[in-house]
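Residue numbers (the numbering used here): 133 to 302. We put the CB at the ideal spot given by N, CA and C, even for glycine. Here the structure is a predicted model, which means the values were calculated and not measured. Each remark here refers to the structure printed beneath this line.
This is the structure:
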């Protein structure tokens, strides 16, 4: 069973590891290995830990073997900019609906906050997923370049979704 909850400081390491694994698995073939290595290098920082504690939500799945919840996905809503950030799913949980569930959770949260339109910057490998979830389309997406704080520039797609009326997909 999937459960989404507010992240805590104790989740920071899992969030960091999921981020790096998802980038390395999902973005391979879309960006150079050198860029992926730069993007994911380094250790968990205190500023990332604080960001997780303050702004992240995590998805957990009950591990049948250990009978413990395992964090398998992350997401963040940057409220002032109405922007979805840090949607990452563990490679072991990709294809199980975790990303879609996290995105629906944030859309509902944004809608309840009075946000009419969400924005995100999609890596090239995730564009199809976001379109399937209602982002982008005619007049709601554009080519862009993501400039990482680590000094790399990556092609991406800026995509929008109007939240006028939410529909739940199962």
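Could you check how far apart the C-beta atoms of residue 139 and residue 184 are, in whole angstroms? I think they sit under 8 Å. 5 Å
How would you label residue 242, buried or exposed, when you count the other beta carbons within 10 angstroms and need 16 or more for buried? buried
Could you have a look at residue 270 and say whether DSSP puts it in helix, strand or coil? coil
Our contact map puts residue 220 next to residue 282 with C-beta atoms below 8 Å; I'd like the distance itself, whole angstroms only. By a beta-carbon distance limit of 8 Å, residue 220 does not contact residue 282. Their separation comes to about 16 Å.
Here's the rule: buried if 16 or more other CB atoms are within 10 angstroms of the residue's CB, otherwise exposed. What is residue 292? buried
Segment contact, 8 Å Cβ cut-off, at least three pairs: the segment 156-171 with the segment 256-263: Contact annotation: the segment 156-171 touches the segment 256-263, with at least three C-beta pairs closer than 8 Å.
Paired residues, beta bridge with residue 279 - DSSP: 285
According to DSSP, simplified to helix, strand and coil, what is residue 183? Residue 183 sits in a helix when the DSSP states are folded into three classes.
To the nearest angstrom, how far is the alpha carbon of residue 182 from that of residue 264? 32 Å
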